[in-house]
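A.B. asks: Numbering (the working numbering), first residue to last: -1 to 208.
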Amino acid sequence: MTNSRNSFAILITYCLFQILNTLCLNLLPLKAQPYLWGTLLALLACAAMFGIQKKFTFHNPYDQAHISGPQSLLWSLGGALALFLVQILGLNLEYLLLGQKLTSANTSLLLTIIGKYPYFTLTVVLALPILEEFVFRKVIFGNLSQHISPLGAALLSSLLFALAHGDGHYLTYAGMGLLLCGVYAKTHRLTSSMLSHILMNAAILIMAYY
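1) Reducing DSSP to helix, strand and coil, say where Gln85 ends up.
2) Measuring only the C-alpha atoms, how far is Ser147 from Ala172?
3) So what's Lys52 in DSSP terms, helix, strand or just coil?
4) Might you give, ordered along the chain, the residues of its own chain that have their beta carbon closer than 8 Å to the beta carbon of Val123, omitting 5 neighbours on each side?
5) Would you please state the rounded distance, in angstroms, between the beta carbons of Ser190 and Ser106? I believe it to be under 8 Å.
6) If we call anything under 7 Å between Cβ atoms a contact, is Ser143 one with Pro27?
7) Between Leu188, Tyr208, Ala206 and Gly113, which has its C-alpha nearest Phe48's C-alpha?
8) To the nearest angstrom, how far is it from the Cα of Leu72 to the Cα of Thr185?
9) DSSP three-state call for Tyr33: helix, strand or coil?
10) If you measure between the beta carbons of Phe15 and Leu38, is that distance less than 7 Å?
11) Once the 5 residues before and after Val93 are set aside, which same chain residues still bring their CB inside 8 Å of it?
12) Please report the Cβ distance between Gly77 and Leu153, rounded to the nearest whole angstrom; I am assuming they are in contact, meaning their Cβ atoms lie under 8 Å.
13) Apart from the five residues just before and just after Cys22, which ones in its own chain have a Cβ nearer than 6 Å to its Cβ?
14) Alpha carbon to alpha carbon, how far is Leu149 from Met(-1)? Give it in angstroms, no decimals.
15) Considering only their Cβ atoms, is the gap separating Phe132 from Ile8 smaller than 7 Å?
16) CB-CB under 6 Å to Ala125, same chain, minus the five flanking residues each way: which ones, in chain order?
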């Protein structure tokens, strides 16, 4: 029961954030600071998910840590580097096989927004990776692994992760999703995949501006 409450509450929080964030960005005029409100909503959603996890704690097969903190950190760092390489490989494969652009429209849009509103960095680098790891790795991958094969759960989680980004680079995002599932499964710590995700987003931002 705790498992279902935790999962349901996290999914509802994520859906509410997406709805409210979309309303803010599309309905509020620029003078009303829609991106500031979006950033605050994202941080609030993160706090809510950590609160839900504390109140309705549950452990799926990947939540029992078997490695030390330093080992987990190394996996996070290695995962971040691997994510960066997977993104480069995925974008090039999509370019060669499908004729798609070498750039992600989603990433380009976020970088443009950050250029105008630097505080939006908190959303892109911190909040969104945390929210996505709770939803796609813990709830979808972790829970489904108790009912279907881990590979099947990882594939489904990664497909949904790719669809959620909605810019057509499904191979790239699915590959990144699979890698994040691997980091979570190997370390048995959601914080490890969160850190990998955060570091990759931060690296892309740093390279874009520096």
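Heads up, the beta-carbon is just placed ideally off N, CA and C, and yes, glycines get one too.
C.D. replies: For this structure:
1) The residue labelled residue 85 in the question sits at position 87 within the sequence shown. The answer is helix: DSSP assigns Gln85 an H, G or I state.
2) Position 149 of the sequence shown, counted from the first residue, corresponds to residue 147. Position 174 of the sequence shown, counted from the first residue, corresponds to residue 172. Roughly 17 Å between the two C-alpha positions.
3) Counting from one through the sequence shown, the residue named residue 52 turns up at place 54. Three-state result, Lys52: helix.
4) As a first step, residue 123 is located in the sequence shown; it is residue number 125 there, counting from the start. Closer than 8 Å at the Cβ level, and outside the excluded window around Val123, lie Ile196, Asn199, Ala200 and Leu203.
5) Counting from 1 along the sequence shown, the entry for residue 190 is found at position 192. Counting from 1 along the sequence shown, the entry for residue 106 is found at position 108. That pair is no contact at about 28 Å.
6) The residue labelled residue 143 in the question sits at position 145 within the sequence shown. The residue labelled residue 27 in the question sits at position 29 within the sequence shown. Result no, Cβ atoms of Ser143 and Pro27 do not sit closer than 7 Å.
7) Mapped onto the sequence shown, residue 48 falls at position 50. Ranking Leu188, Tyr208, Ala206 and Gly113 by Cα distance to Phe48 puts Leu188 first.
8) On the sequence shown, residue 72 is found 74 positions in, with the first residue counted as 1. On the sequence shown, residue 185 is found 187 positions in, with the first residue counted as 1. Using only the alpha carbons, I get a separation of about 10 Å.
9) Stepping through the sequence shown from its first residue, residue 33 is reached at position 35. Here Tyr33 sits in helix by DSSP.
10) In the sequence shown, the residue the question calls residue 15 occupies position 17. In the sequence shown, the residue the question calls residue 38 occupies position 40. No, the Cβ-Cβ distance between Phe15 and Leu38 is not below 7 Å.
11) Here residue 93 is taken as the residue at index 95 of the sequence shown, counted from 1. The question names Val, yet the displayed sequence has Tyr at residue 93. If we look at Tyr93 and ignore the five residues flanking it on each side, its Cβ neighbours are Lys99 and Leu100.
12) Residue mapping note: residue 77 aligns to position 79 of the sequence shown, counting from 1. Residue mapping note: residue 153 aligns to position 155 of the sequence shown, counting from 1. Contact between Gly77 and Leu153 is absent: CB atoms are separated by about 18 Å, not below the 8 Å threshold.
13) Start at 1 with the first residue of the sequence shown, and residue 22 comes out as number 24. So the qualifying residues of the chain are Pro32, Trp35 and Gly36.
14) Indexing the sequence shown from 1 puts residue -1 at position 1. Indexing the sequence shown from 1 puts residue 149 at position 151. For Met(-1), the pLDDT reaches just 48, beneath the cut-off of 50, and the residue's location in the model is therefore unreliable, leaving the point undetermined.
15) The residue labelled residue 8 in the question sits at position 10 within the sequence shown. The residue labelled residue 132 in the question sits at position 134 within the sequence shown. Contact: yes.
16) Within the sequence shown, numbered from 1, the residue matching residue 125 stands at position 127. Apart from sequence neighbours up to five positions away, the residues of its chain that approach Ala125 with a beta-carbon distance below 6 Å are Ala40, Leu41 and Cys44, ordered along the chain.
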